[in-house]
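**Student:** Start counting the sequence shown at 250; every next residue gets the next number (the numbering used here).
Take this structure, written in C-alpha cells, and hold onto it; I'll ask about it next.
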Amino acid sequence: MNPHSQLPFVTSAEAPSARLVHLVACEDQAAVMTLLGEHAAFLQEQGFSAKDGAFTLLPDEGGVGAALLCVASVRSNDPDAFGILGTALPEGDWTVVLHGLEALALESALLGFCMGAYRFGLGEAKPRATRMVVPDDATRLVALSKAVWFGRDLINMPANLLGPRELAEMAGKALVHRGASVSLLEGDDLRRAYPCLAEVGEGSERKPVVAVARWKAREGAPRISLIGKGVCFDTGGYDLKGAAGMLRMKKDMGGAALMLAVMCAAIDVGLDVDLELRLGCVENSVSGHAMRPGDVLKTRSGKTVEIGNTDAEGRLVLCDLITEASENRPDVILDAATLTGAARVALGPDVPALFSNDDELASLILESGKTMADVMWRMPLWHGYDAWLDSKIADFGNVTSKPMAGAITAALYLQKFVPEGQKWAHIDTYAWNDGGRPGRPEGGEVLGLRAILETLSRIHNNS
Numbered sequence: 250m251n252p253h254s255q256l257p258f259v260t261s262a263e264a265p266s267a268r269l270v271h272l273v274a275c276e277d278q279a280a281v282m283t284l285l286g287e288h289a290a291f292l293q294e295q296g297f298s299a300k301d302g303a304f305t306l307l308p309d310e311g312g313v314g315a316a317l318l319c320v321a322s323v324r325s326n327d328p329d330a331f332g333i334l335g336t337a338l339p340e341g342d343w344t345v346v347l348h349g350l351e352a353l354a355l356e357s358a359l360l361g362f363c364m365g366a367y368r369f370g371l372g373e374a375k376p377r378a379t380r381m382v383v384p385d386d387a388t389r390l391v392a393l394s395k396a397v398w399f400g401r402d403l404i405n406m407p408a409n410l411l412g413p414r415e416l417a418e419m420a421g422k423a424l425v426h427r428g429a430s431v432s433l434l435e436g437d438d439l440r441r442a443y444p445c446l447a448e449v450g451e452g453s454e455r456k457p458v459v460a461v462a463r464w465k466a467r468e469g470a471p472r473i474s475l476i477g478k479g480v481c482f483d484t485g486g487y488d489l490k491g492a493a494g495m496l497r498m499k500k501d502m503g504g505a506a507l508m509l510a511v512m513c514a515a516i517d518v519g520l521d522v523d524l525e526l527r528l529g530c531v532e533n534s535v536s537g538h539a540m541r542p543g544d545v546l547k548t549r550s551g552k553t554v555e556i557g558n559t560d561a562e563g564r565l566v567l568c569d570l571i572t573e574a575s576e577n578r579p580d581v582i583l584d585a586a587t588l589t590g591a592a593r594v595a596l597g598p599d600v601p602a603l604f605s606n607d608d609e610l611a612s613l614i615l616e617s618g619k620t621m622a623d624v625m626w627r628m629p630l631w632h633g634y635d636a637w638l639d640s641k642i643a644d645f646g647n648v649t650s651k652p653m654a655g656a657i658t659a660a661l662y663l664q665k666f667v668p669e670g671q672k673w674a675h676i677d678t679y680a681w682n683d684g685g686r687p688g689r690p691e692g693g694e695v696l697g698l699r700a701i702l703e704t705l706s707r708i709h710n711n712s
C-alpha cells in the first residue's frame, strides 16, 4: 500500500508549541480587523484582501509565527474550503483557532487539511513534516480521514498491484481488523452464485473474487446492504477502449473502494446499523475465453441478458450482487459504481448521479450530501426508456443502441433486479480528481463518502 498513509494528526500534548492557524469568517469584519490590525503594514505590503479563500502566513521575530485563512461562513461545512491548509502550511505543528465560524467548521477544517495533505507514491516514504493538532473527541474526524485516504489509496493503486484477489483480500483485512466477518468466493462457488459476474472475468487470467462482509451492531438495528463495483482494470473487452479511454481504468473499482471506505468509517464511528457489503472484484480483459458481443448470459435471478457491448460490464457485475442482497430483504440497498460516461457528460466529474426507486430515501441522501458538502444530483428512472433495453433473443440487453440517456438506461437495467418494495439507490460516480486543486489532489477520490455515512447515521437516528 501507499507508504505515505500515516495521518498528519497529533494531540495537543504531542505538540505543546504548535503555531496558530486563524480561520476567520469573511463576514465577521471585527475579527478580521483585529487580526489584520496586528499585521496591517505587512498585509498591506502583500496586497492581502480578506475575501473567501484568501490565505497568508503571518510573521514574527523568528520567521513564520501564524497563518490566516478567510472563509465565507456559508462554506464552513465544506472541507474543500480549507484544503489549501494541506499544502500551504510550512513544516511544523499547527492548531486551529476559529473566529466567527460555527464549531462545526473545526471538523471541516481539519478534514480539509488532511484531504489536502494526502499524497500517493510507491517510493520511499519521508516523515510527514506538517501536522495538525486534533481534539481528543475526534472520532468521526479520524474515521473520515482514514476512510478518505484508504479509498484514495485503493483507487490510485496500479492495476498490476491491485487485481481482483488483492482488492478482495485488502477489503477482508481492513474489515476483519474492525470485527466484521468476511468471506471470499471464487472458482466454482463464485460461478454458481454469480454466473453473470463470472462471465465478465473470463477474459482475464486473474479470476474474479467476490468479498462478502457482515457487521452486526445489535439485534433489530436497521439493515443496510452496500454493493460496490470492483473492476480492477477495464479494457472494454472485445469492444476495446481506445488508448486515452483506457489510461485511467485502474479507477474502475472506485465504487468498491467507496463502499469499503464507507463500511470502515461506519464501524469506526460505531453507527448503530447492521451492515452487509458485497464487492464484485473482477478484471474485464480480452482473450479467447472473454465474453463476446451477441452472447447471452444467465444471471443469478434467472433472467437472461444479451451482450450488446462488452464495455458495459459494470452492470453485469452489479446485477448478481443486487439479486443476492435483495434475497435477504434489507431495509435499504445502496450500490456505487463508476458505471457510465453519460453521467459525467451530464454532471461533470465532481457530482455523482443518484438514482432511487424511493423518494424518501433519495431525499435523505441528497439532504445528507448538502449537510456534509458532499453533494449528489438525482436523475430519473424514466421508464419510458425501458423498451430501449429490449432484446429479441433474451429477456433484455445490457445496452441500448441509442446514443443518449446512457446513465438512465444503465440504472434501469439495474432496477430490473430490484424486487418490488425493496428500497434501493444507485450512485454513478467518477471516483477521480482531474488536475488538482486544494484538498483534491489529482487521482482517486471517494466522492459521496461523507454523504453516505451521514445517510446511515440518519437512518440509525430515525429507526
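Glycine is no exception: its CB is placed at the ideal position from the N, C-alpha and C atoms.
Going by the CB atoms, is the gap between Ala280 and Ala274 shorter than 8 Å?
**Tutor:** To locate residue 274, count along the sequence shown from 1; it is residue 25. To locate residue 280, count along the sequence shown from 1; it is residue 31. Yes, these two residues count as a Cβ contact at 8 Å.
**Student:** So, are the CB atoms of Val566 and Lys456 less than 8 Å apart?
**Tutor:** The residue labelled residue 566 in the question sits at position 317 within the sequence shown. The residue labelled residue 456 in the question sits at position 207 within the sequence shown. No, they are not a contact pair.
**Student:** May I ask you to list the residues that DSSP assigns as paired with Leu307?
**Tutor:** Translated into the one-based positions of the sequence shown, residue 307 becomes position 58. Partner(s): Ala315.
**Student:** Identify whether Asn710 lies in helix, strand or coil by the three-state DSSP scheme.
**Tutor:** By 1-based counting over the sequence shown, the position of residue 710 is 461. Asn710 falls in the helix class under three-state DSSP.
**Student:** According to DSSP, is Ala470 part of a helix, a strand, or is it coil?
**Tutor:** As a working note, residue 470 is residue 221 in the sequence shown. DSSP places Ala470 in coil when its eight states are reduced to three.
**Student:** On the three-state DSSP scale, how would you describe Ile676?
**Tutor:** Position 427 of the sequence shown, counted from the first residue, corresponds to residue 676. Here Ile676 sits in strand by DSSP.
**Student:** Mind reading off the beta-carbon distance from Pro328 to Leu360? Whole number of angstroms is fine, and I expect it under 8 Å.
**Tutor:** Counting from 1 along the sequence shown, the entry for residue 328 is found at position 79. Counting from 1 along the sequence shown, the entry for residue 360 is found at position 111. Indeed, because the Cβ distance is near 4 Å, the residues count as touching under 8 Å.
**Student:** Rounded to the nearest angstrom, what separates Leu209 and Arg268 at their Cα positions?
**Tutor:** Because the chain spans 250 through 712 in this model, residue 209 falls outside it and cannot be assessed.
**Student:** From the DSSP output, which residues share a beta bridge with Ala462?
**Tutor:** As a first step, residue 462 is located in the sequence shown; it is residue number 213 there, counting from the start. Beta-bridge pairing links Ala462 to Val431 and Leu526.
**Student:** Could you check which residue in Thr678, Leu702 and Ala514 has the C-alpha nearest to that of Glu733?
**Tutor:** In the structure as shown, the chain starts at 250 and stops at 712, and residue 733 therefore has no counterpart that could be examined.
**Student:** Please name the residue, chosen from Ala366, Leu524 and Leu416, that lies closest to Leu475 on a Cα-to-Cα basis.
**Tutor:** Your numbering for residue 475 matches position 226 in the sequence shown. The shortest C-alpha separation from Leu475 is found at Leu524.
**Student:** So, Asp644 versus Leu661, is the Cβ gap smaller than 8 Å?
**Tutor:** The count along the sequence shown starts at 1 and reaches residue 644 at position 395. The count along the sequence shown starts at 1 and reaches residue 661 at position 412. It is not a contact, given that the beta carbons lie outside the stated cut-off.
**Student:** Measure the C-alpha to C-alpha separation of Val431 and Met653 and round it to an integer number of angstroms.
**Tutor:** As a working mapping, residue 431 is identified with position 182 in the sequence shown. As a working mapping, residue 653 is identified with position 404 in the sequence shown. Between Val431 and Met653, the C-alpha separation is close to 40 Å.
**Student:** DSSP on His288, reduced to helix/strand/coil?
**Tutor:** Within the sequence shown, residue 288 is the residue found at index 39, counting from 1. His288 falls in the coil class under three-state DSSP.
**Student:** Less than 7 Å between the CB of Ala602 and some heavy atom of the ligand MN, yes or no?
**Tutor:** Absence of the ligand MN is noted for the structure shown, with no ligands found whatsoever.
**Student:** Based on Cα-Cα distance, which residue from Gly590, Val531, Thr344 and Arg699 lies nearest to Cys513?
**Tutor:** Position 264 of the sequence shown, counted from the first residue, corresponds to residue 513. Of the candidates Gly590, Val531, Thr344 and Arg699, the one whose C-alpha sits nearest the C-alpha of Cys513 is Arg699.
**Student:** Which partner residues of His538 appear in the DSSP bridge assignment?
**Tutor:** One-based indexing of the sequence shown puts residue 538 at position 289. For His538, which the question treats as bridged, DSSP gives no partner whatsoever.
**Student:** Candidates Gln664, Cys530 and Met495: which alpha carbon is nearest Thr572's?
**Tutor:** Reading the sequence shown from its first residue, position 323 is the one you call residue 572. The option with the nearest alpha carbon to Thr572 is Gln664.
**Student:** Can you give the Cα-Cα distance for Phe369 and Ser640, rounded to whole angstroms?
**Tutor:** Counting from one through the sequence shown, the residue named residue 369 turns up at place 120. Counting from one through the sequence shown, the residue named residue 640 turns up at place 391. Distance between the alpha carbons of Phe369 and Ser640: 45 Å.
**Student:** Does DSSP put Thr587 in a helix, a strand or coil?
**Tutor:** As a position in the sequence shown, residue 587 is number 338, starting the count at 1. Thr587 falls in the coil class under three-state DSSP.
**Student:** Along the chain, which unbroken stretches of the beta strand (DSSP E) at least 3 residues long are found entirely within the stretch 405-453?
**Tutor:** Segments of the beta strand (DSSP E) lying fully in the stretch 405-453: 430-434.
**Student:** Let me know if Val480 comes out buried or exposed under the rule of 16 or more other beta-carbons within 10 Å of its beta-carbon.
**Tutor:** Within the sequence shown, residue 480 is the residue found at index 231, counting from 1. Buried is the call here.
**Student:** To the nearest whole angstrom, what separates the beta carbons of Phe362 and Gly335, a pair I think is in contact under 8 Å?
**Tutor:** One-based indexing of the sequence shown puts residue 362 at position 113. One-based indexing of the sequence shown puts residue 335 at position 86. Indeed, because the Cβ distance is near 5 Å, the residues count as touching under 8 Å.
**Student:** Measure the C-alpha to C-alpha separation of Gly365 and Pro690 and round it to an integer number of angstroms.
**Tutor:** The residue given as residue 365 occupies position 116 in the sequence shown. The residue given as residue 690 occupies position 441 in the sequence shown. Computed Cα separation, rounded: 7 Å.
**Student:** What residue from Ala420, Trp673, Thr559 and Asp342 has the CA that sits closest to Ala378's CA?
**Tutor:** Mapped onto the sequence shown, residue 378 falls at position 129. For the residues Ala420, Trp673, Thr559 and Asp342, the minimum Cα distance to Ala378 belongs to Asp342.
**Student:** So the alpha helix (DSSP H) Ser325 belongs to, where does it begin and stop?
**Tutor:** Translated into the one-based positions of the sequence shown, residue 325 becomes position 76. Per DSSP, Ser325 belongs to no alpha helix (DSSP H) and is neither H nor E.
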